[in-house]
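Colleague: Handing you a structure now.
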Amino acid sequence: MLQDNLRLFSTKVKKFTKAILLLVLFLCISILFNGADNSRAAVGTPKLINFQGKLNGSTNLPVDNGSYNIRVRIYQDSDSTCTDGTLKWTEERKQTNRVSVSSGLFNILLGSLTTLDLAFNDDDFWVQVSVGGTENTATPSYEDLAPCQRIGSVGYAYNADTVDGIHASSTATANYLLPLDVNVDFSLPDDSKVGFRDVGIYIQSSADGKLLISSDGSGNDDITLSGTVTTNDNITVTNGKGLIDSNGNEFLLFSTTTSAVNELTVKNAATTKSPALMATGTDSNIGIDLVVKGTGSVNIGNKLAFNESNGTNITYIQGGDQSA
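Everything in the sequence shown is counted per my numbering, starting at 6 for the first residue and increasing by one.
Structure follows, in structure tokens:
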């Protein structure tokens, strides 16, 4: 809970019910609210400020008991005059919502009439209090009490024990918040997993969206597709780009800095069907090119069979040596 004891003194004589008023306020901020920084208050925590004060007369004695019109405003980037800041919030207590004052003391839950949705994510918020007599009217004549008071916090507010009921930890622990380390990295211990439910991983950037997998040890950088429905474990590339190399020229590229061994392997556990490398499409003439470099060759183990339904001819184009 944030707490701040505020004393507001009138800097000029204010005639109010034949008395000069001295307002002493005790402001207690109980939570930080939703705002531009998207911080979220814990479920069930009221978005209210407990606002307590005391009204004294010219003799420094409490004012008469009664119901008073009181207006509270919060300014941002202001000073003790509240004349050059930005008005961020106002709550007005008048008519049936006038504030009950007994022995000069009153208590208000700010935000119970006007939603208090400030994030308090800035250190320059100021409170201005105005008093408008005891008349039951829709248009009280308010007098601003000066100076305005800056909203501060107590020491414990700088080091909250929990956020939304969850503790923080410098090491990855179940049900604890994990901060970024000194290298601005989000580090998890071995065998830890990051889970994304329903929507998966979404990367969006104004430039290029990239997903980099890089190990700093002797292990492998693997992408493993695993699910309860194995037919849906797919890598899908949209917008017709396919799988390309760094130059954007290849549809599917397997490269290595060492001699290639089993770079593309198709495994099949079936006993009656064989894996197929097929050319399909709406065009009636689609081929498959196997191109080697230099003295390289295309090696076919065991046997080469031709499906009779598609012809059995072997045609040599542009010459070259053929050997059995």
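Beta carbons are placed, not taken as given, at the ideal position from N, Cα and C, and that holds for glycine. From a predicted model like this one, the values you see are computed outputs, not experimental measurements.
Given a cut-off of 8 Å on the beta-carbon distance, is the pair L123 and K99 in contact?
Modeller: In this structure, K99 does not lie closer than 8 Å to L123 by Cβ.
Colleague: In angstroms with no decimal places, state the Cα-to-Cα distance between S158 and A165.
Modeller: One C-alpha to the other measures close to 12 Å.
Colleague: Here's the rule I'm using: 16 or more other beta-carbon atoms within 10 Å means buried, otherwise exposed. How should V296 be labelled?
Modeller: So V296 ends up on the exposed side.
Colleague: Look up S85 in the DSSP assignment and give the residues it is bridged to.
Modeller: In DSSP, S85 forms no bridge with anything.
Colleague: On the premise that G138 lies in contact with N74, defined as a C-beta separation below 8 Å, what is that separation, rounded to the nearest angstrom?
Modeller: The pair is a contact, with the Cβ atoms about 6 Å apart (cut-off 8 Å).
Colleague: Is the region 75 to 92 touching the region 125 to 142, taking contact as three or more C-beta pairs under 8 Å?
Modeller: The region 75 to 92, when compared against the region 125 to 142, does touch it at the 8 Å Cβ threshold.
Colleague: Which residues bound the beta strand (DSSP E) around S105?
Modeller: 104 to 106 is the extent of the beta strand (DSSP E) around S105.
Colleague: What residue from V104, T120, L121 has the CA that sits closest to I113's CA?
Modeller: Cα-wise, what sits closest to I113 is V104.
Colleague: Helix, strand or coil for T95? Go by DSSP, reduced to three states.
Modeller: Reduced to three states, the DSSP call for T95 is strand.
Colleague: Do you know whose CA, among I54, G299, L282, lies nearest G292's CA?
Modeller: Selected option, being the one with the closest Cα: L282.
Colleague: With a threshold of 8 Å on Cβ separation, who are the neighbours of L182 within its own chain once the five nearest residues in sequence on each side are excluded?
Modeller: Result list for L182: V168, I171, H172, A173, S174, in chain order.
Colleague: Going by alpha carbons, who is nearest to N61 out of E148, L110, G306?
Modeller: For N61, the nearest C-alpha among the options comes from L110.
Colleague: Only counting the same chain, and skipping five residues up and downstream in sequence, which positions put a Cβ closer than 8 Å to that of A284?
Modeller: I291, G292, I293, listed in sequence order.
Colleague: Checking the sheet assignment: what are the DSSP bridge partners for A173?
Modeller: Its beta-bridge partners are L182.
Colleague: Using 10 angstroms around the beta-carbon of T88, count the other beta-carbons present and answer buried if the total reaches 16, otherwise exposed.
Modeller: Under this definition T88 is an exposed residue.
Colleague: Excluding the 5 residues flanking A310 on each side, which residues of the same chain have their C-beta closer than 8 Å to its C-beta?
Modeller: Nothing meets the Cβ criterion.
Colleague: Per DSSP, P67 forms a beta bridge with which residues?
Modeller: In the DSSP output, where bridge partners are listed per residue, P67 has N61.
Colleague: Suppose you measure from the CA of C153 to the CA of P145; what does that come to, to the nearest Å?
Modeller: If you take the alpha carbons of C153 and P145, they lie about 20 Å apart.
Colleague: How big is the Cα-Cα spacing for G58 and N180?
Modeller: Near 41 Å, if we compare the C-alpha coordinates of N180 and G58.
Colleague: Thinking just about the alpha-carbon of each residue, which of R76, S72, N304, T95 is nearest to the one in V106?
Modeller: Among R76, S72, N304, T95, the Cα nearest to that of V106 belongs to S72.
Colleague: From the DSSP secondary-structure annotation, give me the bridge partner or partners of S393.
Modeller: Beyond the ends of the chain as shown, which are 6 and 329, falls residue 393; an answer cannot be given.
Colleague: Should L92 be counted as a contact of the ligand SAM given a C-beta to heavy atom distance under 7 Å?
Modeller: The ligand SAM is not part of this structure, which contains no ligands at all.
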